[in-house]
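Here the structure comes first, spelled out in C-alpha cells, and everything after it is commentary.
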Amino acid sequence: MAGRLAAAPGVLFVMFLLVVLFAVLRPVFLSLPNLIDIGLQSAILLIIAIPQTMIILSEGIDISSGAVLSLCGVVLAMVLVAGGPVHLAFLAALATAVGFGAFNGALICLVGMPAFVVTLGSLGMAEGIAEILTDGNVVVGLPNGFEAFYSAKPLGVPVPILIAALVYLVAHVILYHTRFGTYVFAIGGNREALMLSGVPARWYHIGIYALGGGFIAIASLLLTARMNSGHPTVAIGMEFDAIAAVALGGTSFERGQGWLLGTLLGVLAIGILRNGLDLLMVPSSLQGVSVGILVIVTMLIDRRGARVS
Amino acid sequence: MSASASAPSRTVSGPAWGPDVLHAVYRLAAVLLLSLVLSFFSHAFLSWGNILNVLRQASLLFLIASGLTLVILTAGLDLSVGANLGLSAGVAAVVMHATGSALLGSFTALTCGAVIGLANGIMVARLRIPSFIATYGMLWVCSGITYYFMGGGAIYGFPAGFRALGTGYLFRVPIPIYVMVAFLAAGTLITHRTTFGQDIFAIGANAVAARLSGIPVRGRLVAVYAISGAMAGFAAIIYLARVDSAEAGIGEPLLLPAVAAVLIGGTSLFGGMGGLFGTMTGALLLTLVLNGMNLLTIDANWQPFATGVIVLLALLIDTITRRHSERRA
Amino acid sequence: MEPAETTAGQAARGANAGPTSPLLELAGISKRFPGVRALEGVSLEIRAGEVHIVVGENGAGKSTLMKILYGAHHADEGTIRFQDRPVTIASPADARRLGIAVIFQEFSLVPFLSAAENIFLGREFRGPIPGTVDRRRAIREARTLLRSLGFDLDPTIPVHRLGVAEQQLVEIAKALSQKARILVMDEPTAALSERECAHLFRIVRRLRDEGVAIVYITHRLMEVMVLGDRITVLRDGRKVAELTPKETTPDDLVRLMVGRPVKAAFERRARFQPGEVALEIRNLRAPSGLEDINLTVHAREIVGLAGLVGAGRTELARAIFGADPISAGEVRVFGRPAEETPSECVRQGIALIPEKRKEEGLALIRSVQDNLLMSALWRLFPRGWLRPRTAEAAARDMVDRLRVATPSLARPVRVLSGGTQQKVVVGKWLSAGCRLFLFDEPTRGIDVGAKAEIFRLIEDLAERGAAVLLISSEFSEIVQVADRTYVMYDGRITGHLTAAELSEEALLRLAVSHE
C-alpha cells in the first residue's frame, strides 16, 4: 500500500488546489447540489475509465472506447425505439461492445499489433458503423420510462452514482481478489513470466479488452437514459478523459504499475475541473485543453516525486 | 570463425536503392492494377477530370502524411496532424480575412503548424512522454482551441491568387500535383541523401544504439516532430486554397487516412523502415479506393469504416512481416 | 572464503549417497541452430540429493542445455529419461510436470506484484467465491516458505522494491512451492555480494540434503570446487569431462574449459610507451552507484577495469561517455572537460563499445554499411550531405580491415554471427576518429578465434596512439591483454595493479571485498 500512496501526491495535491481555487472563485462550487452534479457527470466517465485502467495496466491502450460507447448508445436506442424490451436492448449493446473488445484484443494479443493503432482503426470502424446506422441523425423516440430511470433516486442517491459505485466495487474485487486481476498486473509487468508459469496469458489478455466491453455497455445504458436519445458521436472524445483520468491517478503506461483508486481520484479531479470551468463560463472546447494541461502537470509532479525518493 | 579471404564485399546496388526500388515498383504496380480494376467497374473513372481529382486528393493526403512518415520512421506517432491542419487552417483563414494578404496567411499557417510540431517534439524528446500520449493530447488541445475561436461558423472567400495554389493548373496539370512531386523529391533526398535522414532511420531501428553511437537523438526527434507539424501547416495552406473555406472540425477526420497512407506505403510502425515514396503510393491507393467507392455510389458514411479496415489490414501485414523477420534474427 | 560443510551435512550426504539411479538422464543430446552447433552428443545424469555443476565458457552450450531441460528448445537428437522412462519435454508445462524448476539469470518476476503473488503465480489458492483468490493464505504460506529459506521477508512488498538477492529468494521459494525435484540455477551468484553468496550456498546445500537434485550452471570456479558434488565440463557444445571436485583443481578445470593452456590463447606482441593523459577522472560520484572514482588512462595504454558483475564498471563507462549523469567530480578527456551527452562525447573522440551488442550497439534491421557508418557520418559528411560512393568505400574499407564475414554490405546485420556482429560494433568506431576507446566486455559470447582477433585489434589501436579502457569479467583476459588494471567492487575502485602485480588471484581478491 505504501508503494501506491507514493504515487498519490500528484493527483491529491492537484485536486486540493482545484477545490480551493474554485471555491474561492465561485462559492456555489461547494454547495451540495453542485457536488452531486459533479458526481453525476463523473459517473459515466468512471465506468469507462475502469476498463481503461486495466487495459493500461496490461501495457495497452484503447482509444476506441468513446466511439464504441456512442455506437452502443445508438444500438440501445434503436432497439428500444423499435419496441424491444430493455434487456434485449442491453444485450445488443453488450454484444456490440464485447465484440469490439474481443476484436481489439485478438489483434493486439494474438497478432501482436500495437494497441494504439489497432484501436485507432476500430475507432474509425465504430464511428463508421454508427454513422451508417443512423445516417448521421439522432435516434429519438425512446419509451417514456427510460429517462426516468436515470433521474431516479433510490434511498436518496441518484441512480448513476449508485451504479458507478457498484461497478467500482465489482472492479475492485476483480482486480484485487481474482486471478484475472492478478494476471492483469502480470501481463503488464512481465508477460513472459506469466506464460512461463503455465498460464495461457493470451486469453486473459484478450479477456481484458472483452471485459471492457461489458463496462462500456453499462455506461451506454446510463448515457442513453441521460440523453433520452442515441447520438452517433456523443461520446467521441470521452476516451481522452478516461485515459487522462488513469494517467492522473498515477497508473503508469508500462510495467503494470498502478491502482484503481487512482483512477477514481483522477475521474473526480477531471469532474472537479470541468465543473469549475463550467461555473467560470469557460467554453467546453477549452476544457479539453485544460484537462490536457492538468495531466501534463500531474505527470511532471509525479516524476519529480519519483526522482526525489 | 569462418575464414573470408579479404572479403571483396559488394552491394547489390547503391545503399539507397536496391530492395527499396523493387518494393517501389511493386507498389506502383498495385496502384496501376487498382486503377485498372476500377476502370472496369465504372466508366466515369477514366475521365480526365476524375483522374485529376484523384491526383489532387492524393496530393493533399500525401502532404499531411509526409511529415507523419518521418515521425513513424523514428518509431513514433504524431496523432495531432489532422487537428494541427484544422487549427493552422483556421488561424490562417482569420489572418487572411483580416489582412487580405495571402502571404501573411500562408506564413501564419506554416508557423502555427511548426509551433505545434515543436511542442510535440519537446514533450516527446525532453519530457519523455510517450509519443502517442503526447500527440494524442495535442490533438485535443488543437481541436479545442480551433472550436473555441471558430465557433460554429465558417470563413470563406480567399484571395484569387492564393486559390490558384489549390485549384490552378500549370500545363493542364493541377498545381497541387507539382507541389506533391516537389515535396516527394525533397523529402526523399532528405531521408536518403543526408546524415539527418540516416539518423532518423537509425533512431527508428534502435533508439538506444543510436544514442550510444553518438547520434543526437533528442535533437533529431524535436526536428522530426517540428517538420511533421510544419507539413500539416503547409497542407493547411493547400487545403484552404482548394476548398476556399475554413471551419472547425475539418482537420480531425484527416488523421486516419494519413496514417493509412503511411502504413499502406510500407513504412513500418515499429520504426526504421520505409520512406516517402511508399507514402505517396499509399496516398494514391487509399484515394483510389475511396474514389472508387464514390463512383460506385456507396454511401459516404462507409468511408471512415473502410479507412479503418484498411489501416488494420496494413498494420496486420506490417506486424506479421516484422515479427517474422525478427524471429529469424 | 567459503566455510567447509559441517560434518552433519557430510554425514547426511553419506546416508543419501550410494548407487542411486539418476532422476533425469539426458543421452546424446544435440541441438543445432542456423550456422551454429550449440550441443553435440551431450549426456548428463541428474541425481536426487546431488549438486551437479555444469561449467563452461560463454558459448559452450550451457544455456542451450538449460533451455532443453525446461522445454524452451527441443533437442534435434538424443533422448531424455525420467526415472528410467523416456519422456519428452516439449514445453515449460511438461518440465513443470516432471518437477523441473528453473531460476533464470533475469528473474521472471512481475515487478509490481507482491512476493506472495509472484510465488503462487498461476497456482493461486481459491477463495470463497469461485474466481476469487485467497490472498491471506498465499501470504501465510509465502511467509513460511521464505522463513524456511532463512529470510524473514514481508511477502506483501512488491518485488521491484526488493534487492537482487531477495528477489532470487522469491524465485527459489517459487520453485520450492512447486515441489520441484530438480532445481536448475543459471549463474545464480552473478549479482550477489559475498555474504549473499554464502547464504545462497547454505540454501543450496540444505535443499540438496533434502533430496532435491540441483543443476547449477556457473563459470565461477571457486563455487564449483566448494559446492559441487559432480562437475560436467562443456566446451564448444560437447561434454569434455565429468568429475568430482576431489578429482580436479581449478587449473585443470580451466584447461578443460578452454582446451589449451590459457596462456597460449592470446599474447601481447608488445607493450607501448604511454603517451599523454587521455582520460583523467577525479572524485567521481554518480547516481548510478559510483563513489569516489579516481582513474587515469594514457594514450597507447590498455588499461583494464576488472570486477564482478554489478561492480559498477559499465556504469563508469557510461558516465564517462555521457550516457548517464554525474553528480560530482571531474572527467577530463585529452586535457579538456568531458562533455555530458553521448553525441558530444563522440565528437570529443570517445568511443563506447557496449556490453549488450544487440540491444545497444547495433540496429539489427539496418545493413552492415549503415551500422558501420552510424557513428562516423558526422565526420565523413560534415555538411550533412551524403555521398553514396564515399560512404560505400568507407564501409568496405572497414569490412576489409576487420575481415567482417559478410557477403555484402547491404545485408541486415541481424543475419551475422555473434563474433561478426561484434566486429561491426567495433568497426563502427574506427572511422569516427576516436582516440579513447571504452570496451565493455568486448569478447562476451564470441568464439575463441574471434576473441583473439578483437584483442589484436585493441592492441593495434593502442599502437596507433589510442587510449583503451578494457572492461572484462574474465580475469584471464585482463591478465593477458592489459598493461595495468583497476579493480572495482560495489561502485568503488578497490585497487590498482601494474603489469607485474597482475594475476587472476590478485584480481579476484580485490574484486570481492572492500578491504
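Chains as they are written, first to last, in the numbering used here: chain A, 869 to 1177; chain B, -9 to 319; chain C, 24 to 538. Just so it is clear, CB atoms sit at the ideal spot from N, CA and C, and this is done for glycine as well.
In the three-state reduction of the DSSP assignment, residue 408 (chain C) falls in the strand class. In the structure shown, the three-state DSSP call for residue 427 (chain C) is coil.
Under the Cβ criterion of 9 Å, residue 169 (chain B) is not counted among the residues facing chain A.
Of all residues in the segment 103 to 120 of chain C, only 115, 116 and 119 place a beta-carbon less than 7 Å from a beta-carbon of chain A. In terms of CA proximity to residue 522 (chain C), C:325 leads the group C:394, C:221, C:420 and C:325. About 12 Å separates the CB atoms of residue 932 (chain A) and residue 998 (chain A); that is not less than 8 Å, and the two are not in contact. The three-state secondary structure of residue 490 (chain C), taken from DSSP, is strand. In this structure, C:333 is the residue among C:333, C:411 and C:374 with its C-alpha nearest to the C-alpha of residue 311 (chain C). In this chain, the alpha helix (DSSP H) harbouring residue 933 (chain A) covers 933 to 949. Below the 8 Å Cβ cutoff, chain C contributes 344, 346, 365, 375, 377, 383 and 384 as neighbours of residue 202 (chain B), in chain order.
Not one beta carbon of chain A lies nearer than 9 Å to the beta carbon of residue 240 (chain B). Short of 8 Å from the beta carbon of residue 46 (chain C), and not among the five residues preceding or following it, lie these beta carbons of its own chain, in chain order: 69, 70, 71, 105, 106, 204, 205 and 236. Secondary structure note for residue 245 (chain C): its alpha helix (DSSP H) is the uninterrupted segment 244 to 250. Taking 9 Å as the cut-off, the beta carbon of residue 1007 (chain A) is found no closer than this to the beta carbon of residue 1069 (chain A).
In the three-state scheme derived from DSSP, where H, G and I count as helix and E and B as strand, residue 254 (chain B) is classed as helix. Nearest Cα to residue 154 (chain C) within the set A:1031, A:1063, A:960 and A:1041: A:1041. In the pairwise beta carbon analysis, the segment 275 to 293 of chain B is classified as touching the segment 10 to 25 of chain B: at least three pairs are separated by under 8 Å. If you check the CB distance, residue 981 (chain A) and residue 58 (chain B) do not come in under 9 Å.
For residue 128 (chain B), the nearest beta carbon of chain A is closer than 9 Å to its own beta carbon. Along the segment 1144 to 1177 of chain A, none of the residues has a CB nearer than 8 Å to a CB of chain C. Residue 89 (chain B) counts as exposed, since fewer than 16 other beta carbons sit within 10 angstroms of its beta carbon.
Within the same chain, 209, 210 and 213 come within 7 Å of residue 128 (chain C) by CB-CB distance, once the 5 residues on both sides are set aside.
Within the segment 1053 to 1078 of chain A, contact with chain C at the beta-carbon level (separation under 7 Å) is assigned to 1053, 1054, 1057, 1058, 1060, 1061, 1062, 1064, 1065, 1066 and 1067. Interface flag for residue 455 (chain C) against chain B is set, since a Cβ pair is found closer than 9 Å. Residues are counted here when their Cβ sits less than 8 Å from a Cβ of chain A; for the segment 272 to 290 of chain B these are 289, given in chain order.
The continuous stretches of beta strand (DSSP E) do not include residue 981 (chain A), and DSSP gives it neither H nor E. Here the alpha carbon of residue 914 (chain A) sits roughly 7 Å from the alpha carbon of residue 1132 (chain A). Inclusion of residue 1166 (chain A) and residue 888 (chain A) in the CB contact set at 9 Å is not warranted, their separation being larger than that value. DSSP links residue 48 (chain C) through a beta bridge to C:68 and C:104. Apart from sequence neighbours up to five positions away, the residues of its chain that approach residue 312 (chain B) with a beta-carbon distance below 7 Å are 258 and 260, ordered along the chain.
Among the residues of the segment 140 to 154 of chain C, those with a Cβ less than 7 Å away from any Cβ of chain A are 140, 144, 145, 147, 150 and 154, in the order of the chain. Excluding the 5 residues flanking it on each side, residue 112 (chain B) has same chain C-beta neighbours closer than 7 Å at 212, in chain order.
Contact between the segment 916 to 935 of chain A and the segment 1071 to 1085 of chain A is present: three or more C-beta pairs spanning the two stretches fall below 8 Å.
At a cut-off of 9 Å between beta-carbon atoms, residue 920 (chain A) makes no contact with chain C. Of the candidates C:78, C:48, C:66 and C:519, the residue whose Cα lies closest to the Cα of residue 319 (chain C) is C:519. Rounded to whole angstroms, the gap between the alpha carbons of residue 413 (chain C) and residue 392 (chain C) is 12 Å.
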